[in-house]
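*Asks:* Sharing a structure with you now.
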Amino acid sequence: MREYLEEDFVEEVTDRTGYPGRIWYLPHHAVIREDKTTTKCRIVFDGSAQYGGVTLNQHLDVGPALQNDLVKVLLRFRRFRIGLQADISKMFLQIGLNEQDRDVCRFLWRSRDVQEAPRIYRFKRLCFGLSCSPFLAMCVIRHHVKKYQHQFPEAVNEVLENMYVDDLLFSADEEESASEKVAQLRKMMKLGGFLLTKWASNHNEVLADVPFEGVTDESSNPMLKALGITWNAETDELSYTIPSNVDPNTLDTKRQLISTTSKMYDPLGYLSPYIIRAKILFQRLWQQGVDWDEKLPDNVHQEWKKWKLELMDIPEIRIRRCLIPFMRKEIRRLELHAFGDASKLAYGAAVYLVAIDKDGKRTVNLVLAKAKVAPLKQVTLPRLELMAAFTAAKLIAFTKNNIGIRVDELNCWSDSEITLCWIKNSTQKLKPFIQNRVEVIRQLTSPVLWRHCPTKNNPADLLSRGSTVKQMASQPLWWHGPPWLMEDKDCNFESKDYPSINLEIDEYHPSSVTVLVNVEEDIKLNPERFDDFEKLIRVIAYCRRFLANCRHPESNRRLGPLTLVELQIAENYWIRKAQRECFANEIQQLLNGKRITSDSQLIHLDPFLDENGLVRINGRLQNSTLPEMTKHPLILPDKHPLTRAIIRR
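To convert a position in the sequence shown, counted from 1, into this note's numbering, add 7.
Spelled out as structure tokens, the structure:
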């Protein structure tokens, strides 16, 4: 508090009247951080504290988020061989408050003499704890640096692109360039009253002109924090710390499981193969209906205990920070490769940067990864593979747009031939779930970039199935991608002409495939002629297969026993035919987006059309966890021959 008064951050209030309706007293408390190198004790003011059911933050405009994306800043920090970081000292407290706003930031403070009455103070500067403070601080910083766009162009760019709140992280490829940026940054920020301090670099010579007190002392402990990730400036490696207060032998609850998992800070996704195992366990607890504070079942507890024991192995992971170990002028080519994979439990994607210098030397490093658990609602494996490709497309587009250096080539890899067929084949209208994701993939990446990768060479396989820490730490496939990325040749694993793959799954939208309409008109069968409903289904399935084979070359014709998909399509055909014969008016009204008329016999069933064009009941079971067929039964006409055939079945 003495420092606040000496630095003129606060002032004592002598006139207690203030501006009517604009007076607020902020409660405060001390936050002790022993891990901090400078300010170990910080006074934090609570703008969310209630008085009379009202808080100050409720009446403040938070403003848009002006800070850079944290992952973007970390990606750019990894680019070149010289890494640098700095911090704006007391950034919020360097920004003044208007006179009429200061009484909103009043607070009480008592000296050590407990007999003395508390004094009233108010802030003259922006304080911690207000919801608008981050926006105001970043707005002022950006406004300040833009004034020097012509005088300090490189410094302005570093602040606008590589600053996250008050932390500045960037990289450079040459010592001279790095030293010049440091000098420009210090001078430019000082002109606005901002002091850059806690400078650190893996090349200390670039900080030669920075005063001793402005440089982080790495002699006692070279382990620094770079936006939450541990950075050893001496070895130029990134690593991870073990979450505190984790006992592998305790019998935890579901709440403790998710709490421990959330402590794993991994914004770039490098630990995803390990963390995804805990997320899968958490999902399993939801499926089993375990309450938040209920002890874990034995089968989950044993796997969870093993997972916690592996936390001790995390410090063994060391990641080279630098992605491009040579100077920018020596770069011949940069490539990004994205890999996606899925299993029934999880799916994910990983992106790798291939840097090639003028001599043809290649360096391959993991850049970004992400893994997610499969949805609780059962999804087919081909759809999960598509979701993995969707994630891969988003990751590679994000990396290309934010890494801050020109990328010459993009490649996307999947070991799912069905997924590749969906992406590459633009002539067929797919079902909405598939079509929506395929369209986004095509917008982010060209279909010609997608190629087939053997499963054994797919690093994203670790994301979909999980891995132990030791396996992951010693797995070159994970950290550097498949070995052929290091080879100067075009790897071609294509085995099929994807547009002509004979899919085993019905993911094409029926309404957009005109042959379905022709089939329904051309096949004339009377269900009353068949005593066996299963035989009726098989006959129509074979008829449909025959018509389909007539349209394909002999090499692509479907032979052998009928598949479950073919039988399901045939059954849907008969049900749709019966419904359209008896509920034609109702179906037309539903297709037009209207409610059925009150004189319809179906009015009390609240019918709707599913994705196959079948009429179903939309009843009170729709929010239950029952299977879709049970929640929304099909509606069949009571006297139709098909209904009688189904009953006889």
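Ideal Cβ positions, reconstructed from N, Cα and C, are used throughout, including at glycine.
A quick note: this is a predicted structure, and the numbers were derived from the prediction, not measured.
Using the C-alpha atoms, what's the distance from cysteine 329 back to lysine 365?
*Replies:* If you take the alpha carbons of lysine 365 and cysteine 329, they lie about 18 Å apart.
*Asks:* Tell me the DSSP secondary structure of aspartate 617 in three-state form.
*Replies:* DSSP places aspartate 617 in coil when its eight states are reduced to three.
*Asks:* Consult DSSP for tyrosine 277 and reduce its assignment to one of helix, strand or coil.
*Replies:* The answer is coil: DSSP assigns tyrosine 277 none of H, G, I, E or B.
*Asks:* Could you tell me the boundaries of the alpha helix (DSSP H) in which glutamate 10 lies?
*Replies:* Run containing glutamate 10: 9-13, per the alpha helix (DSSP H) assignment.
*Asks:* Looking at C-alpha atoms only, which residue of Thr260, Asn211, Arg327 is the closest neighbour of phenylalanine 87?
*Replies:* When each option's Cα is compared against that of phenylalanine 87, the closest is Arg327.
*Asks:* How about asparagine 258 and leucine 198: are their beta carbons less than 8 Å apart?
*Replies:* Residue identity differs from the one stated: residue 258 is leucine in this sequence, not asparagine. No, these two residues do not count as a Cβ contact at 8 Å.
*Asks:* Measuring only the C-alpha atoms, how far is glutamine 101 from phenylalanine 201?
*Replies:* Looking at the two C-alpha atoms, the distance is approximately 7 Å.
*Asks:* Under the rule that 16 or more other beta-carbon atoms within 10 Å means buried, what is leucine 137, buried or exposed?
*Replies:* With 16 or more Cβ atoms within 10 Å of its Cβ, leucine 137 is classed as buried.
*Asks:* Just grab the DSSP bridge partners of phenylalanine 130 for me.
*Replies:* Answer is Val17.
*Asks:* Going by the beta-carbon positions, is the gap between arginine 449 and isoleucine 430 smaller than 8 Å?
*Replies:* Going by C-beta atoms, arginine 449 is nearer than 8 Å to isoleucine 430.
*Asks:* Which residues in the same chain as alanine 399 place their Cβ atom closer than 7 Å to its Cβ, once the five residues preceding and following it in sequence are excluded?
*Replies:* Here the set comprises Ala345, Phe346, Gly347, Ala356, Cys419.
*Asks:* Going by beta carbon distance, what residues of the same chain come within less than 7 Å of phenylalanine 177, once the five residues before and after it are set aside?
*Replies:* Excluding residues within five positions, the ones whose Cβ falls inside 7 Å are Arg83, Phe84, Leu91, Glu165, Asn169.
*Asks:* Please list the segments of the beta strand (DSSP E) lying wholly inside the segment 360-448, counting only runs of 3 or more residues, in order along the chain.
*Replies:* Listed in chain order, they are 369-380, 416-421.
*Asks:* Just checking my contact of leucine 341 with valine 358 at CB under 8 Å: how many whole Å lie between their CB atoms?
*Replies:* Not really, about 12 Å apart at Cβ, beyond 8 Å.
*Asks:* Can you check which of these residues, Pro27, Gly28, Met8, is closest to valine 19 by C-alpha distance?
*Replies:* Residue 19 is actually glutamate in this sequence, not valine. Of Pro27, Gly28, Met8, the residue nearest in Cα terms is Met8.
*Asks:* Unbroken alpha helix (DSSP H) runs of length 4 or more, entirely within the segment 230-298: which are they?
*Replies:* Correct list: 261-269, 279-295.
*Asks:* Within 10 Å of its beta-carbon, does glutamine 586 have 16 or more other beta-carbons around it, so buried, or fewer, so exposed?
*Replies:* Glutamine 586 comes out buried.
*Asks:* Say whether chain C places a C-beta atom closer than 8 Å to the C-beta of serine 208.
*Replies:* Protein chain content of the structure displayed is limited to a single chain, and chain C is not contained in it.
*Asks:* Buried or exposed, going by whether 16 or more other CB atoms sit within 10 Å of the CB of tryptophan 293?
*Replies:* When all chains shown are included, tryptophan 293 counts as exposed.
*Asks:* Give the straight-line distance between the Cα atoms of glycine 367 and glutamine 290, rounded to the nearest whole angstrom.
*Replies:* Approximately 46 Å between the Cα atoms of the pair.
*Asks:* Quick one: what does DSSP say alanine 467 is sitting in, helix, strand or coil?
*Replies:* Reduced to three states, the DSSP call for alanine 467 is coil.
*Asks:* Let me check one thing: in DSSP terms, what residues is leucine 612 bridge-paired to?
*Replies:* The partner list for leucine 612 (beta bridge, DSSP) is empty, contrary to what the question assumes.
*Asks:* Could you check how far apart the C-beta atoms of proline 250 and lysine 312 are, in whole angstroms? I think they sit under 8 Å.
*Replies:* About 15 Å; that fails the 8 Å criterion.
*Asks:* Based on DSSP bridge pairs, tell me the residues matched to lysine 302.
*Replies:* In DSSP, lysine 302 forms a bridge with Thr260.
*Asks:* I believe arginine 126 touches leucine 104 by the beta-carbon criterion, under 8 Å. Please report the beta-carbon distance rounded to the nearest angstrom.
*Replies:* So it is not a contact: roughly 19 Å between Cβ atoms.
*Asks:* Would you say aspartate 613 and asparagine 625 are within 8 Å of each other, going by their C-beta atoms?
*Replies:* Against a cut-off of 8 Å, the Cβ pair of asparagine 625 and aspartate 613 comes out as a contact.
*Asks:* Please classify leucine 393 as buried or exposed, where buried requires at least 16 other C-beta atoms within 10 Å of its C-beta.
*Replies:* It is buried - the Cβ of leucine 393 has at least 16 other Cβ atoms within 10 Å.
*Asks:* Hey, would you say leucine 167 sits closer than 8 Å to valine 152, going by beta carbons?
*Replies:* Yes; because the gap between Cβ atoms is below 8 Å, this pair is in contact.
*Asks:* Under three-state DSSP, which class holds aspartate 108?
*Replies:* If DSSP states are grouped into helix, strand and coil, aspartate 108 belongs with the helices.
*Asks:* Based on the DSSP secondary-structure assignment, which residues constitute the bridge partners of arginine 327?
*Replies:* BP columns for arginine 327 point to Glu244.
*Asks:* How would you label threonine 204, buried or exposed, when you count the other beta carbons within 10 angstroms and need 16 or more for buried?
*Replies:* Buried.
*Asks:* Determine the extent of the beta strand (DSSP E) in which alanine 190 is found, giving its start and end residues.
*Replies:* Careful: alanine 190 lies outside any beta strand (DSSP E), inside the alpha helix (DSSP H) at 182-197.
*Asks:* In or out: tyrosine 272 buried (at least 16 other Cβ within 10 Å) or exposed?
*Replies:* It is exposed - the Cβ of tyrosine 272 has fewer than 16 other Cβ atoms within 10 Å.
*Asks:* At which residues does the alpha helix (DSSP H) containing serine 140 begin and terminate?
*Replies:* Element bounds for serine 140: 140-153.
*Asks:* Hey, could you find the ends of the alpha helix (DSSP H) tryptophan 581 is sitting in?
*Replies:* Start and end: 571-589.
*Asks:* When the Cα atoms are used, what is the spatial distance from histidine 308 to proline 280?
*Replies:* In a straight line, the C-alpha of histidine 308 is about 19 Å away from that of proline 280.
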